[in-house]
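So the protein sequences, as listed, match chains A and B. Following this note's numbering from start to finish, the first sequence increments by one per residue and tops out at 244. Following this note's numbering from start to finish, the second sequence increments by one per residue and tops out at 1244. Glycine included, every Cβ here is placed at the ideal spot set by N, Cα and C. All of these numbers come straight from a predicted model, not from anything done at the bench. Okay, structure first, notes after.
There are 2 protein chains.
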Amino acid sequence: MTNPLISKLERFTRLSSDERVTLDALASRKLRRIRSREHLIHEGDRLTCVNLIVVGWAHSYKVLADGRRQIVAFLLPGDLCDPHGYILNESDHSIAAVTPLTVAQLSPEEFEALNSPRLVQALRWDALVTSAIQREWTVNIGQRSALERTAHLILELFHRLESIGPINAKGYDFPIRQTEMADALGMTAVHTNRMLQILRKEHLIDLGDKHLAIPDLAALECLAMFNPNYLHLQHEGHHLDAKD
Amino acid sequence: MTNPLISKLERFTRLSSDERVTLDALASRKLRRIRSREHLIHEGDRLTCVNLIVVGWAHSYKVLADGRRQIVAFLLPGDLCDPHGYILNESDHSIAAVTPLTVAQLSPEEFEALNSPRLVQALRWDALVTSAIQREWTVNIGQRSALERTAHLILELFHRLESIGPINAKGYDFPIRQTEMADALGMTAVHTNRMLQILRKEHLIDLGDKHLAIPDLAALECLAMFNPNYLHLQHEGHHLDAKD
DNA sequence: CGGGTAATTGACCCGGGTCAACAGCAGTGG
DNA sequence: CCACTGCTGTTGACCCGGGTCAATTACCCG
């Protein structure tokens, strides 16, 4: 039951115990509970704080004038919603809960007080990875076929989940609906369903009842042409590691 | 002939003359010239500095194992290539010149010396806008039809160009080739060509000889369902404006 | 004049969208 | 306890937007 933000940042650099205490404190104060499907942010809102996802999954999305929706990101435990976004007048996207959610609200002052050199670098690394993920989504939707695309999203979520929590040999909770996957992948729910069926039939995924397992990771990564380099999970900030 | 980075940042907040002098100095030292098509960064390279585009256009892209290429961004004068990217071990994308390029190489130390409170906020704003653009590309490729998508890209570049230089009533230099537009839009060059023909026939764009004009901006924005909010160009940091 | 790159056009085809029906299941109220 | 409703997932039949392939034109630039 470790703090997922700490787990994630320590994929970059080992934090000091002081830093861990600070982050733990922030993740347990000013908690807000949000029901499934409810909104955290509406497009056009002013952002008054940085929301840290503590428990549950969310997604952010944009809608076109005629109602078409594109999910632009999934937010997992340990993810920050729009760090520094409070310097803008209004949010350019909406954020809604996929599951019941617990978020910690960090005021701009609290967020900017995370200013130890190591934490600053770790939070910058997190922001760079977030950007890299958004780039990869562009590649995914722009170039991969429906089957590859579906597999790639599953793999990305798999790797991101792995870096925030203990690995469960039996798989992962995977609470997103097919309509949400579809809107994230730029395809229809019907076709998403068919792609998932193929992946199941080929024994590349074991997905059901909001639970996912990947029996043959290498095969799925090969199919999706998945290259994890964009997640920058190789302890890239090891030279900053805390000693204690 | 003003510094395009200054023009851009002043869409957020008015800089002090000291800050403008500092940015001008950085944009005229350690210049590097790059021929059209040449690479600035290869995927996998370690980033040793922050490149500031001073003159010319570039694009960044990723390639899949089988050669498919997705352009993930166009870089215009005043754009920074991967600010803070030097904290990563390696770049997850490549950057290449679209036209002959002049870039200023900022060392990490020089870049981090841009630490006046106002500049820090302005650079954060720029990074937030860059992220918002990448999100919008996801929406564009995921949800818009080929025609809407083509129009949207043209409009985005139009607005970004406007914010870095004087408006030219006769239009803009628009040096990208149709194959590049195609790879940015996740479609084929053949189809991109057909979409451009439609836009020309409908008198929504006037494009030829590397030069673009938009005779009826409102009509094109309507077709593309273009909402400029994600570019955050409304002088959102006015409360930070310098007095001098 | 020749060679290479970019734009254009036509003919054909397929991946994924659309539409519609149906099944499974959880919640809810009588 | 069961009927009813609504949401999610599943399947089938049909169709179209955009891809593929190939040929042609239009420029540069040497």
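Counted as a single uninterrupted DSSP element, the alpha helix (DSSP H) harbouring residue 152 (chain A) occupies residues 146 to 162. Taken through DSSP and simplified to helix, strand or coil, residue 1106 (chain B) comes out as strand. No Cβ of chain A is located within less than 9 angstroms of the beta carbon of residue 1195 (chain B). Within the DSSP secondary-structure output, residue 94 (chain A) pairs in a beta bridge with A:61.
Boundaries for residue 1126 (chain B): no beta strand (DSSP E) harbours it, while the alpha helix (DSSP H) harbouring it runs 1117 to 1143, taken from the DSSP string.
With fewer than 16 other Cβ atoms inside 10 Å of its own Cβ, residue 1113 (chain B) counts as exposed. For residue 234 (chain A), DSSP assigns no beta-bridge partner whatsoever. Around the beta carbon of residue 59 (chain A), 16 or more other beta carbons lie within 10 angstroms, which makes this residue buried. By the rule that beta-carbons nearer than 9 angstroms mark a contact, residue 1191 (chain B) does not touch chain A.
Boundaries of the alpha helix (DSSP H) harbouring residue 1191 (chain B): 1189 to 1201, taken from the DSSP string. Scanning B:1094, B:1086 and B:1072 for the CA closest to the CA of residue 1109 (chain B) turns up B:1086. It is roughly 22 angstroms from the alpha-carbon of residue 1065 (chain B) to the alpha-carbon of residue 160 (chain A).
The continuous stretches of beta strand (DSSP E) do not include residue 1006 (chain B), which lies in the alpha helix (DSSP H) extending over residues 1004 to 1009. For chain A, none of the residues of the segment 1193 to 1219 of chain B brings a beta carbon within less than 8 angstroms of one of its beta carbons.
Looking only at A:102, A:194, A:188 and A:189, the smallest Cα-Cα distance to residue 38 (chain A) is reached by A:102. Between the alpha carbons of residue 1084 (chain B) and residue 128 (chain A) lies a gap of roughly 8 angstroms. With contacts defined by Cβ atoms closer than 9 angstroms, residue 1121 (chain B) and residue 1240 (chain B) form a contacting pair. For the pair of segments examined, the segment 36 to 53 of chain A was found not to touch the segment 1022 to 1038 of chain B: the number of CB pairs separated by less than 8 angstroms stays below three. With the rule of 3 Cβ pairs closer than 8 angstroms, the segment 1139 to 1153 of chain B counts as touching the segment 69 to 77 of chain A. Residue pairing of residue 1101 (chain B) in beta bridges, as defined by DSSP: B:1034. Residue-level contact check: residue 1141 (chain B) touches chain A, since one or more beta carbons of chain A fall below 9 angstroms from its beta carbon. For residue 159 (chain A), not one C-beta of chain B is nearer than 9 angstroms to its own C-beta. In summary, residue 1177 (chain B) is exposed, with fewer than 16 beta-carbon neighbours lying within 10 Å of its beta-carbon over all protein chains present. In the DSSP annotation of this structure, the continuous segment of the beta strand (DSSP E) that includes residue 1069 (chain B) starts and ends at 1069 to 1075. For residue 1113 (chain B), no beta strand (DSSP E) encloses it, and the DSSP letter there is neither H nor E.
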